[in-house]
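> Numbering (the numbering used here), first residue to last: 254 to 497.
Could you have a look at this structure, given as structure tokens, before my questions?
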Amino acid sequence: MGRLNGVNIINFDNTLIYESELIAKAGKVLDFTNISGLKLISSLDKLQKLSKKLIPTMGSINFIGSGDYHHITYSIISNIPYEFSLIVFDNHCDCNDMPNGTISCGSWITQASKLPNICKILVLGVSKFNAKNLNEKITFLEYNENFLKKTLSLLKSFSISKVYISIDKDVLDPKYAVTNWDQGKMKLSELLYILNFIKEKYTIIGIDVSGESKPSNPLSLILPREIKLNQESNLKILNSIIMN
254 MGRLNGVNII NFDNTLIYES ELIAKAGKVL DFTNISGLKL ISSLDKLQKL SKKLIPTMGS
314 INFIGSGDYH HITYSIISNI PYEFSLIVFD NHCDCNDMPN GTISCGSWIT QASKLPNICK
374 ILVLGVSKFN AKNLNEKITF LEYNENFLKK TLSLLKSFSI SKVYISIDKD VLDPKYAVTN
434 WDQGKMKLSE LLYILNFIKE KYTIIGIDVS GESKPSNPLS LILPREIKLN QESNLKILNS
494 IIMN
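Written out as structure tokens, the structure reads:
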């Protein structure tokens with residue numbers, strides 16, 4: 254699978270600061286909470302400037318907060334200087350229309366498909382197939398009873414050996430994660446199985462994970478259920494990648 258360069262917490266919204274076990278695994282905690290104009294929607298120019306600040310996170314496993322910031326993936330992968338394929342786990346297509354010069358957490362995949370070094374984009378687990386901006390680079394696979402079999406078949410057909418993985422935990426059934434977006438029905442075990450398959454077959458050049466939520470009661474002395482659940486899933490995702 255290649256060797257990743259460690260684990261980073263990239264803090265945009267303070268959703269990850271409650272996950273102490275995950276933070277303990279991180280080599281770096283980068284604080285970008287002082288940067289405005291990133292949540293949900295941003296200018297393409299701002300994301301391109303952010304990409305320069307994210308160069309130190311290249312080749313790493315990056316936890317980036319809630320799905321409101323999933324378009325930060327665009328900033329990260331813009332730095333990759335060679336050909337690769339992008340594999341996305343998401344309950345949504347993230348291919349909505351946006352005005353020129355803007356990009357959102359719901360449109361970033363369309364923009365990513367324009368990057369010259371991306372050869373193929375595979376979006377896994379979508380439950381609402383409403384993509385408007387389909388092109389030959391992008392393939393969507395809905396979550397259904399044949400999902401796992403179809404996913405493995407598609408992955409076997411990839412001709413590019415290097416892959417970047419982006420995971421929005423809203424693809425998971427609420428049993429395994431609590432996000433601030435409507436969620437899919439994928440089991441965590443299915444996600445982990447696919448990750449292990451990818452790890453065995455391809456060179457993983459980077460990973461990001463989003464889909465956090467803020468605690469319902471941040472002053473509670475007991476770790477809220479939603480934070481505990483998300484942290485458990487994050488740690489399992491992390492362990493599945495770093496374990497031999």
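All C-beta atoms in this analysis are idealised placements derived from N, C-alpha and C, irrespective of residue type, glycine included.
Below 7 Å between beta carbons: does that hold for His324 and Cys346?
no
> Compute the Euclidean distance between the alpha carbons of Asp284 and Asn267, then round it to the nearest angstrom.
9 Å
> Please report the residue range of the beta strand (DSSP E) in which Glu395 lies.
Ile391 to Glu395
> Does the distance from the CB of Asp423 to the CB of Gly320 come in under 7 Å?
yes
> Taking Cβ to Cβ, would you say Phe342 is nearer than 7 Å to Ile420?
Their beta carbons are under 7 Å apart, which means Phe342 touches Ile420 by this criterion.
> Do the stretch 297-316 and the stretch 328-335 make contact, defined as three or more Cβ pairs closer than 8 Å?
Contact holds: three or more Cβ-Cβ distances are below 8 Å.
> In chain order, what residues of the same chain have a beta carbon less than 7 Å from the beta carbon of Pro468, not counting five sequence neighbours either side?
Tyr271, Pro477, Glu479 and Ile480
> Here's the rule: buried if 16 or more other CB atoms are within 10 angstroms of the residue's CB, otherwise exposed. What is Asp461?
buried
> With DSSP run on the structure shown, which of helix, strand or coil describes Thr363?
DSSP places Thr363 within a helical segment (H, G or I) once states are collapsed to three.
> From what residue to what residue does the beta strand (DSSP E) around Asn470 run?
Taken as a continuous stretch (DSSP letters only), Asn470 belongs to no beta strand (DSSP E), as it is neither H nor E.
> What does the alpha-carbon distance come out to for the pair Gly280 and Glu274?
13 Å
> Is it right to say Ser360 is buried, meaning 16 or more other beta carbons lie within 10 angstroms of its own, or is it exposed?
Buried is the call here.
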